[in-house]
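Novice: Using numbering that gives the first Met the number 0, the letters of the sequence shown correspond one by one to residues 0 to 387. For every residue, glycine included, the Cβ atom is placed at its ideal position computed from N, Cα and C.
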Amino acid sequence: MRRVRWLIIAIPIVIILTIAGIWGMQQSKQQAEQVTVPTKVEGAASKVKPAKKKEVVKKTPRPGWLTQRQAIKQIDQLVNQHHIMGTLLFTTNGPKNVRVRTYGYADASDQVRNTATEAYPLASLQKALTGAVIQHLINEGKLSMTTPLSRFYPDIPYANQITIRELLNHTSGMRMVEHTPNSVLPTEQAQIAFTIKHALSTGNHAYAYTNANFTLLAGVIRKVTHKSYMTALQNVIIKPLGLKHTYAYNDIPGNVVNPASYRLSNGESQGAIISKPLQSSELGCGSLYMSVGDYYKFMYSLQSGDLLSDAGIAELSDHFQTKYAAGIYYQKGGTIRVGGNDNAFHTYYMGTRDARVGVVLFENQGDFSNDNKVANSIQSILMKTENF
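#1: My guess is that A131 and E117 are in contact by the Cβ rule of under 8 angstroms, so how many angstroms apart are they, rounded?
#2: Could you check which residue in H204, I220 and H197 has the C-alpha nearest to that of N210?
#3: Could you tell me the boundaries of the alpha helix (DSSP H) in which V78 lies?
#4: Going by beta-carbon coordinates alone, are Y295 and A354 separated by less than 9 angstroms?
#5: Check each candidate in I380, G311, S379 and Y328 and name the one with the smallest Cα separation from E139.
#6: Which complete beta strand (DSSP E) runs does the stretch 210-238 hold, if anything under 3 residues is left out?
#7: So the beta strand (DSSP E) A271 belongs to, where does it begin and stop?
#8: Could you pull the start and end residues of the alpha helix (DSSP H) that I380 belongs to?
#9: At the level of alpha carbons, what is the spacing between E136 and I163?
#10: Considering only residues of the same chain and omitting the five flanking positions on each side of S300, which have a CB-CB separation below 7 angstroms?
#11: Can you say whether S308 is buried or exposed, counting buried as having 16 or more other CB atoms within 10 angstroms of its CB?
#12: In its own chain, which residues sit with a C-beta less than 7 angstroms from the C-beta of E165, not counting the 5 before and 5 after it?
#13: Going by alpha carbons, who is nearest to Y102 out of I220, E362 and D366?
#14: What number of angstroms, rounded off, separates the C-alpha of N181 from the C-alpha of P276?
#15: Is it the case that the Cβ atoms of L65 and Q76 are separated by a distance below 9 angstroms?
#16: So, are the CB atoms of Y248 and S279 less than 9 angstroms apart?
#17: What three-state label does DSSP hand G357 in the structure shown?
#18: Contact defined as beta carbons within less than 8 angstroms: I believe F213 pairs with T129. What is the distance between those atoms, to the nearest angstrom?
#19: Helix, strand or coil: which one does DSSP assign to M175?
#20: Is the stretch 213-225 in contact with the stretch 247-265, if contact means three or more CB pairs nearer than 8 angstroms?
#21: Which same chain residues end up closer than 8 angstroms to M175 when comparing Cβ atoms and leaving out the 5 residues on each side of it in sequence?
#22: Note down the Cα distance separating Y206 from N168, rounded to an integer number of angstroms.
#23: Using C-beta distances below 8 angstroms, list every residue in its chain close to E388, excluding the 5 sequence neighbours before and after it, in chain order.
#24: Identify which residue in A158, I236, D341 and D109 has its Cα closest to the Cα of T298.
#25: E177: buried (16+ other C-beta within 10 angstroms of its C-beta) or exposed?
#26: Am I right that E281 and Q134 are in contact with their C-beta atoms under 8 angstroms? What's the rounded C-beta distance?
#27: Can you tell me where the alpha helix (DSSP H) with T129 in it begins and where it stops?
#28: Look at the Cβ atom of T86, then the Cβ atom of L287, and state whether they are nearer than 9 angstroms.
#29: Please go through the same chain and pick out, in chain order, the residues whose beta-carbon is closer than 7 angstroms to the beta-carbon of K331, but skip the five residues on each side of it.
#30: How would you call P120, buried or exposed, if buried means at least 16 neighbouring beta carbons within 10 angstroms?
#31: Check whether the Cβ atoms of M349 and Q378 lie closer than 9 angstroms to each other.
#32: Assign D293 to one of two classes, buried (16 or more other C-beta atoms within 10 Å of its C-beta) or exposed (fewer than that).
#33: Determine the extent of the alpha helix (DSSP H) in which L310 is found, giving its start and end residues.
#34: Tell me which residues share the same chain as S143 and place their Cβ nearer than 8 angstroms to its Cβ, disregarding the 5 neighbours each side in the sequence.
#35: For I327 and C284, I'd like the C-alpha separation in whole angstroms.
#36: To the nearest angstrom, how far is it from the Cα of I251 to the Cα of A115?
The following block contains the structure:
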């Protein structure tokens, strides 16, 4: 009887303790979950913050000014109306936001389109590079603007009256019509000798544009540096600026686009002849190929003073007087321009002297005189366009 009574008392106690134990375990588990989970979430939240939605602020152009889209539309229409094929670089904000557009074909027969990085013959735009190397040598004290040509080429008539400055500014008295050699001139020495043979030194120092001045300057560079003209270009400009698409006319890699030139005839593109003998005779003034990007990089570095120093570009430009100096026309209003025409290729650079607004147009089909106006019109469009 006592045993039964003990069991009656013990069993409820055991049941109560069991239930209490189960309840306690559940509470502990819940507490553990409540502590552990939020800690992990907080840690994750500290590493990955929710992305904030950026507010898109649409810029309203100033009255009379263009947006980037409006400017590009006008530029494309202008280029297409004139049936231009080539590559165009332009900017309204210096090197920060350049834009490159391509038009037409590098090779129409094989349907190879012009590209952003292809190199075109520079023609006369090369003169600015030759001038920059000369100023580099002046900065080093190896030349001066008053150094006479007779120091290097004493047999040229009136050489003792011709200065480096006069060669740079086409006031040397040299005259030379464009002669095409019968075959490619194989060396730089041969190219310079060809120019000396066909040039006429008149003693008349009025302005007269001629390639001979810059081929003679290329010869001066060779004599001062005791290296080839191309080596001097590599050392002074190409390597320091990191130019990747700049080549001598006879050293273009086989794996890059090498454009053909065309003339428009009755609405159709007709292939033009590219004379390698002519290019070989234009050392310092038309023997170089370059992309629009490389040329803009050079011009920006030149005009900003980064390449030659502020004092150097001031001296080279003849202190930015309104005239031609060292391969560049300095104009009123703080703008500059350069133009080149060779083998049916046309090249143009226009913009503000600080290169904030810049236009580089390289064509393998077009009309030199008319497209000079096109490039000028593109500059005018950019001058009234908001910064990209």
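Specialist: On the basis of the supplied data:
#1: Taking the first residue of the sequence shown as position 1, residue 131 is located at position 132. Taking the first residue of the sequence shown as position 1, residue 117 is located at position 118. Between A131 and E117 a beta carbon distance of about 23 angstroms is seen, past the 8 angstroms cut, so the two are scored as non-contacting.
#2: Start at 1 with the first residue of the sequence shown, and residue 210 comes out as number 211. Closest by alpha carbon: H197.
#3: Here residue 78 refers to the residue found at position 79 of the sequence shown. Note, V78: alpha helix (DSSP H), Q67 to Q80.
#4: Along the sequence shown, one-based indexing puts residue 295 at 296. Along the sequence shown, one-based indexing puts residue 354 at 355. The answer is yes: Cβ separation under 9 angstroms.
#5: As a working note, residue 139 is residue 140 in the sequence shown. With distances taken between Cα atoms, E139 lies closest to G311.
#6: none
#7: Within the sequence shown, numbered from 1, the residue matching residue 271 stands at position 272. Taken as a continuous stretch (DSSP letters only), A271 belongs to no beta strand (DSSP E), as it is neither H nor E.
#8: Position 381 of the sequence shown holds residue 380. Under the DSSP assignment, I380 falls in the alpha helix (DSSP H) whose first and last residues are F367 to M382.
#9: Indexing the sequence shown from 1 puts residue 136 at position 137. Indexing the sequence shown from 1 puts residue 163 at position 164. For the record, residue 136 in the displayed sequence is Leu; it is not Glu. C-alpha separation (whole angstroms): 11 angstroms.
#10: Start at 1 with the first residue of the sequence shown, and residue 300 comes out as number 301. Excluding five sequence positions before and after S300, the CB atoms of its chain that fall closer than 7 angstroms to its own CB belong to L240 and L306, given in chain order.
#11: Start at 1 with the first residue of the sequence shown, and residue 308 comes out as number 309. Looking at its Cβ environment, which holds fewer than 16 other Cβ atoms inside 10 Å, S308 is exposed.
#12: Here residue 165 refers to the residue found at position 166 of the sequence shown. Counting only Cβ-Cβ distances below 7 angstroms, and skipping sequence neighbours, we find S171 and H204.
#13: The residue given as residue 102 occupies position 103 in the sequence shown. Residue E362 is the option with its Cα nearest to Y102.
#14: Counted from its first residue, the sequence shown places residue 181 at position 182. Counted from its first residue, the sequence shown places residue 276 at position 277. Distance between the alpha carbons of N181 and P276: 7 angstroms.
#15: Here residue 65 refers to the residue found at position 66 when the sequence shown is read from its first residue. Here residue 76 refers to the residue found at position 77 when the sequence shown is read from its first residue. Not a contact, by the Cβ cut-off of 9 angstroms.
#16: Mapped onto the sequence shown, residue 248 falls at position 249. Mapped onto the sequence shown, residue 279 falls at position 280. Yes.
#17: Taking the first residue of the sequence shown as position 1, residue 357 is located at position 358. Correct three-state label for G357: strand.
#18: For this step, residue 213 is matched to residue 214 along the sequence shown. For this step, residue 129 is matched to residue 130 along the sequence shown. About 5 angstroms separates the CB atoms of F213 and T129; that is less than 8 angstroms, so the two are in contact.
#19: Along the sequence shown, one-based indexing puts residue 175 at 176. It is coil, neither helix nor strand.
#20: no
#21: To locate residue 175, count along the sequence shown from 1; it is residue 176. Excluding residues within five positions, the ones whose Cβ falls inside 8 angstroms are T194, H197, A198, L199, T209, N210 and A211.
#22: The count along the sequence shown starts at 1 and reaches residue 206 at position 207. The count along the sequence shown starts at 1 and reaches residue 168 at position 169. Distance between the alpha carbons of Y206 and N168 is about 8 angstroms.
#23: The chain is shown from 0 up to 387; residue 388 falls before or after that span and cannot be answered.
#24: As a first step, residue 298 must be located in the sequence shown, where it is residue number 299. For the sequence presented, residue 298 should be read as Met rather than Thr. Checking every option, the nearest Cα to that of M298 belongs to I236.
#25: On the sequence shown, residue 177 is found 178 positions in, with the first residue counted as 1. It is exposed - the Cβ of E177 has fewer than 16 other Cβ atoms within 10 Å.
#26: For the purposes of this step, residue 281 is taken as the residue at position 282 of the sequence shown. For the purposes of this step, residue 134 is taken as the residue at position 135 of the sequence shown. With 8 angstroms as the limit, E281 and Q134 do not qualify as a contact, their Cβ atoms being about 21 angstroms apart.
#27: Here residue 129 corresponds to residue number 130 of the sequence shown, with the count starting at 1. DSSP places T129 inside the alpha helix (DSSP H), whose first and last residues are K126 to N138.
#28: Position 87 of the sequence shown, counted from the start, is the residue given in the question as residue 86. Position 288 of the sequence shown, counted from the start, is the residue given in the question as residue 287. No, the Cβ-Cβ distance between T86 and L287 is not below 9 angstroms.
#29: For the purposes of this step, residue 331 is taken as the residue at position 332 of the sequence shown. So the list reads T321, once near-sequence residues are dropped.
#30: As a working note, residue 120 is residue 121 in the sequence shown. Classification of P120: buried, given that the 10 Å Cβ count is 16 or more.
#31: As a first step, residue 349 must be located in the sequence shown, where it is residue number 350. As a first step, residue 378 must be located in the sequence shown, where it is residue number 379. In contact: M349 and Q378 (Cβ atoms closer than 9 angstroms).
#32: Counted from its first residue, the sequence shown places residue 293 at position 294. Classification of D293: buried, given that the 10 Å Cβ count is 16 or more.
#33: Looking up residue 310 in the sequence shown gives position 311. First, the amino acid is wrong: residue 310 is Ala here, not Leu. Here the alpha helix (DSSP H) through A310 covers D309 to L315.
#34: If you number the sequence shown from 1, residue 143 lands on position 144. Correct list, in chain order: I137 and I163.
#35: Indexing the sequence shown from 1 puts residue 327 at position 328. Indexing the sequence shown from 1 puts residue 284 at position 285. Spanning the two alpha carbons is a distance of roughly 12 angstroms.
#36: The sequence position of residue 251 within the sequence shown is 252, counting from 1. The sequence position of residue 115 within the sequence shown is 116, counting from 1. Their backbone Cα atoms lie some 16 angstroms apart in a straight line.
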